[in-house]
Amino acid sequence: MKRSLFLAAVLISALLLPGAALAAGSADQATPPNLALDRTIEPVIVAGIFAGKPVDELFVYRWTGSSWEQIPFQIDERNSAGDYVANEDGVMDSNDEVVFMSGDTGMLASDSIGSALPVSGLWYRVEVTNPLNTSSKGWAYIVHSTSLSITNPTDYVSYNNANLRVSTANYALGWAASGHNGLDYMSMYGGGDIMDRTKLRIDYRVVVLQFHLTENDIPFENVVLIKDGAVRTLVKRGGTVTTSYQSYTSTNFPVDLSSLPGNLERFRTSTDLAQGVSGTYYDENNNAGKPIDGVPDNVTQTPFTQAWRQVTVGAGSNIQVAKLTELGGVQKHYYKDNSAVDPQDTGDQRSFGDSGFEVTDPTSRNFTITTGQYFIPAAQGNQGALYNEYFLNPLHVSTTVETQFHSFLPVLEKQN
95 MKRSLFLAAV
105 LISALLLPGA
115 ALAAGSADQA
125 TPPNLALDRT
135 IEPVIVAGIF
145 AGKPVDELFV
155 YRWTGSSWEQ
165 IPFQIDERNS
175 AGDYVANEDG
185 VMDSNDEVVF
195 MSGDTGMLAS
205 DSIGSALPVS
215 GLWYRVEVTN
225 PLNTSSKGWA
235 YIVHSTSLSI
245 TNPTDYVSYN
255 NANLRVSTAN
265 YALGWAASGH
275 NGLDYMSMYG
285 GGDIMDRTKL
295 RIDYRVVVLQ
305 FHLTENDIPF
315 ENVVLIKDGA
325 VRTLVKRGGT
335 VTTSYQSYTS
345 TNFPVDLSSL
355 PGNLERFRTS
365 TDLAQGVSGT
375 YYDENNNAGK
385 PIDGVPDNVT
395 QTPFTQAWRQ
405 VTVGAGSNIQ
415 VAKLTELGGV
425 QKHYYKDNSA
435 VDPQDTGDQR
445 SFGDSGFEVT
455 DPTSRNFTIT
465 TGQYFIPAAQ
475 GNQGALYNEY
485 FLNPLHVSTT
495 VETQFHSFLP
505 VLEKQN
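Each residue of the sequence shown is one higher than the one before, counting from 95 in my numbering.
Below is the structure:
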């Protein structure tokens with residue numbers, strides 16, 4: 095994520111006045127109400143803090159209203175090119191990230207964390223705001239300490255190299271071990287595998303000759319674990335990086351088709367469910383839902399103004415949203431539900447709720463598709479439009495430096 099840091103102000107007050115060492119953070123606030131954050135499954139990412147400090151000396155806390163409580167977090171290092179690495183130098187740089195979950199934020203503290211815990215004289219108050227409802231806020235506090243240790247062992251997500259799967263309490267995703275670079279495993283909320291595979295279709299024409307490429311035609315790449323932390327995993331396959339959290343995963347999928355001759359006519363990416371899986375499919379044109387049952391349906395593909403689709407199976411729903419603006423062309427929803435064998439298809443050659451996005455006559459051959467997938471309980475019904483808004487309007491994060499002597503440095507951090 096790109097970040098723009100704006101130095102807003104530096105205010106030093108009461109440092110030289112007897113008896114004026116107030117609790118940090120009280121004078122720059124008008125004691126706003128402690129309102130709970132209503133978006134709880136997205137990450138909070140803070141960069142550019144505690145430069146030069148060892149990464150293993152940083153900790154994240156929340157105020158419960160009566161006490162300080164450590165929350166799960168991790169620190170991910172990035173190299174000078176901005177790429178995530180398992181380990182760099184073990185010291186905080188300007189692009190290294192402190193990551194925790196929005197659902198773990200707490201209340202605005204009424205007491206100073208510097209009075210309660212053995213922390214250095216400077217810390218960061220992090221305010222997280224829902225831009226769609228600016229009265230909805232949560233707070234966390236990032237501190238530096240040479241004597242604190244990890245006291246919250248919660249691990250939200252894990253990666254298993256034996257089966258190439260990321261697992262959380264709410265879902266699991268697995269990469270194909272052979273044949274193609276995509277996914278071939280998905281489970282939600284304790285259910286079994288519901289996925290056949292993710293699919294890719296590229297059509298291009300050279301004069302009168304038409305060519306078709308599928309995910310099977312892309313050179314096979316190994317799955318590489320970059321980081322398996324308490325809050326997120328970072329997994330890379332080829333140029334594609336997938337970042338997975340407890341109920342959310344994001345993928346950056348770079349595509350370079352500049353070497354293809356002729357005219358690029360179609361690009362499609364979709365997720366096909368396994369044979370016999372039943373459920374309900376939703377998108378912006380099908381808010382009432384279509385049954386996933388292997389029986390063909392009449393599904394409206396346009397207009398395409400909201401790039402989301404939702405598949406509800408068993409106890410869970412998978413909502414996928416995407417940014418496709420770089421492709422240009424004519425964009426539409428893709429959906430196929432047909433149990434009949436298609437010899438030209440890949441995977442099990444059947445389509446059960448095969449859904450995604452299709453672009454005809456793309457205007458770009460070099461682009462990146464950014465997607466997000468949310469995993470929520472099925473009982474919540476159709477929530478695709480809401481989570482599409484979340485994806486397009488990420489949480490706003492601001493940090494304020496606080497000290498025991500009431501100095502503070504507001505820093506605004508805009509997450510894109």
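Think of the CB as a built atom: it goes at the ideal place given N, C-alpha and C, for glycine as much as any other residue. Every value quoted in this text rests on a predicted model; they were computed, and no experiment measured them.
So residue i and residue j are in contact, right, with Cβ under 8 Å, and what is the actual spacing, rounded?
i: Y375; j: S492; result: With a Cβ gap of about 39 Å, Y375 and S492 do not count as contacting.
i: L358; j: P456; result: 6 Å
i: T440; j: T308; result: 5 Å
i: G410; j: G285; result: 7 Å
i: R326; j: T336; result: R326 to T336, Cβ: 10 Å. No contact.
i: I320; j: A180; result: 6 Å
i: S261; j: S252; result: 6 Å
i: G268; j: Y279; result: 3 Å
i: T394; j: N380; result: 7 Å
i: N487; j: Q404; result: Rounded, the Cβ-Cβ distance is 18 Å, inconsistent with contact.
Excluding the 5 residues flanking residue i on each side, which residues of the same chain have their C-beta closer than 6 Å to its C-beta?
i: P127; result: With a pLDDT of only 42 at P127, under the threshold of 50, the placement of this residue in the model should not be trusted, and no figure is reported.
i: H490; result: T223, P225
i: I135; result: S341, Y342
i: T248; result: P166
i: E378; result: Q400
i: Y468; result: Y342, I413, Y481
i: A210; result: W162
i: D442; result: D290, Q369
i: F347; result: T334, I463
i: V317; result: L258, W269, R331
i: I139; result: E191, V193
Using the Cβ count rule (16 or more neighbours within 10 Å means buried), how would you classify residue i?
i: S244; result: Reading the sequence as shown, one finds Ile at residue 244 and not Ser. Exposed: under 16 other Cβ atoms inside 10 Å.
i: G333; result: exposed
i: N392; result: exposed
i: P397; result: exposed
i: E163; result: exposed
i: H427; result: buried
i: A121; result: For A121, the pLDDT reaches just 28, beneath the cut-off of 50, and the residue's location in the model is therefore unreliable, leaving the point undetermined.
i: G146; result: exposed
i: P137; result: buried
i: G83; result: No answer is possible for residue 83: the residues shown for the chain start at 95 and end at 510.
i: Q474; result: exposed
i: F314; result: exposed
i: H274; result: buried
i: L294; result: buried
i: S272; result: exposed
Out of the options, point me to the one whose CA is closest to residue i's CA.
i: D183; options: G176, T199, P148; result: P148
i: L480; options: S209, V317, N224, F451; result: N224
i: R156; options: S364, L277, V237; result: V237
i: A434; options: T292, Q369, M280, N316; result: Q369
i: V424; options: S445, S458, V393, V405; result: S458
i: S161; options: D442, A203, I169; result: A203
i: S188; options: S196, A175, F194; result: A175
i: N257; options: M201, Y468, A270; result: A270
i: P166; options: F446, R326, N246, R362; result: N246
i: Y298; options: R362, S261, Y339; result: R362
i: I386; options: T394, Q395, L367; result: L367
i: S515; options: N264, Q395, Y429; result: There is no way to answer for residue 515, as the model of the chain reaches only from 95 to 510.
i: I207; options: A234, E191, T228, V140; result: A234
i: E171; options: V154, G159, V193, Y265; result: V193
i: A266; options: M289, P488, G273; result: M289
i: R300; options: I169, S353, T394; result: Per the sequence shown, the amino acid found at residue 300 is Val instead of Arg. For V300, the nearest C-alpha among the options comes from S353.
i: R259; options: N310, L294, P488, K330; result: K330
i: S281; options: V371, D177, Q477; result: V371
i: D205; options: N173, D190, T158; result: T158
i: K384; options: L328, G447, L351; result: G447
According to DSSP, which residues form a beta bridge with residue i?
i: F469; result: N412
i: I296; result: L307, F361
i: P474; result: The residue you asked about is not Pro; residue 474 is Gln in the sequence shown. DSSP output for Q474 lists no bridge partner at all.
i: K384; result: Y375
i: R156; result: E163
i: Q369; result: The partner list for Q369 (beta bridge, DSSP) is empty, contrary to what the question assumes.
i: H274; result: Partner(s): none; H274 has no beta bridge.
i: A266; result: S261, S281
i: L319; result: V329
i: D170; result: E191
Flag residue i as yes when its Cβ comes closer than 8 Å to any non-hydrogen atom of the ligand NAP, and as no otherwise.
i: F305; result: In the structure shown, the ligand NAP is absent, as is every other ligand, since no ligand is present at all.
What residues in its chain sit with their C-beta under 7 Å from that of residue i, if we drop five residues either side in the sequence?
i: F461; result: V349, E420, L421
i: T454; result: E359, R360, G423, V424
i: F144; result: L152, M186, H238
i: L131; result: S196, T199, V222, N224, S230, K231, G232
i: T406; result: G373, T374, A472
Can you list, in chain order, the residues of its chain with a C-beta nearer than 8 Å to that of residue i? Leave out the 5 residues immediately preceding and following it.
i: L418; result: A401, Q425, F451, V453, I463
i: I432; result: Sequence inspection shows Asn at residue 432; the Ile mentioned does not correspond to that position. G388, V389, P390, R444, S445, listed in sequence order.
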